[in-house]
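According to the UniProt record's numbering, the sequence shown is numbered sequentially starting from 1. To start, the structure itself, in structure tokens.
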Amino acid sequence: MLDELESVTSHLGEFEELICNEEGDPRRRQALLRAISLAERASTLKNLATAMKTLNEAAAPPGGKKDELQRRAEEVASRFGRRPQIAVDNTK
């Protein structure tokens with residue numbers, strides 16, 4: 001889809017010329033020109049980027065950065081925590 005977007009962008013002038021010369025219906029012409037406008041292409045690129053981000057997040061292994069930071073914090077905190085008391089019975 002990115003290749004298609006790049007193709008439309010690189011041949012934009014040709015598409016506009018073709019639409020203006022070949023299309024007789026003014027409403028259809030406006031719709032076609034709107035479809036290849038900068039706003040539509042930018043929106044398409046944004047949607048593709050969002051989809052790619054979502055796919056990458058879904059494919060990420062469980063236990064991301066936050067879980068790793070939490071594990072390290074607990075490990076460090078345990079070093080400075082209260083040591084367990086050992087009960088010794090000297091009467092026996």
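Just so it is clear, CB atoms sit at the ideal spot from N, CA and C, and this is done for glycine as well. The model shown is predicted, which means the values in this text are computed figures rather than measured ones.
Using a threshold of 7 Å, state whether the C-beta atoms of residue i and residue j are closer than that.
| i | j | result |
| --- | --- | --- |
| L18 | T44 | no |
| R29 | E23 | yes |
Assuming residue i and residue j make a contact with CB atoms under 8 Å, what is their CB distance in whole Å?
| i | j | result |
| --- | --- | --- |
| R41 | V8 | 7 Å |
| I36 | L2 | Incorrect: roughly 16 Å between the Cβ atoms, too far for contact. |
Over what stretch of residues does the alpha helix (DSSP H) that includes residue i continue unbroken?
| i | result |
| --- | --- |
| M52 | L38 to A59 |
| T9 | L2 to S10 |
| A35 | P26 to A35 |
Distance, Cα to Cα, residue i vs residue j?
| i | j | result |
| --- | --- | --- |
| residue 95 | A49 | Not covered by the structure: residue 95. The range shown for the chain is 1 to 92. |
| K53 | G64 | 15 Å |
| L69 | L38 | 42 Å |
| N90 | A59 | 59 Å |
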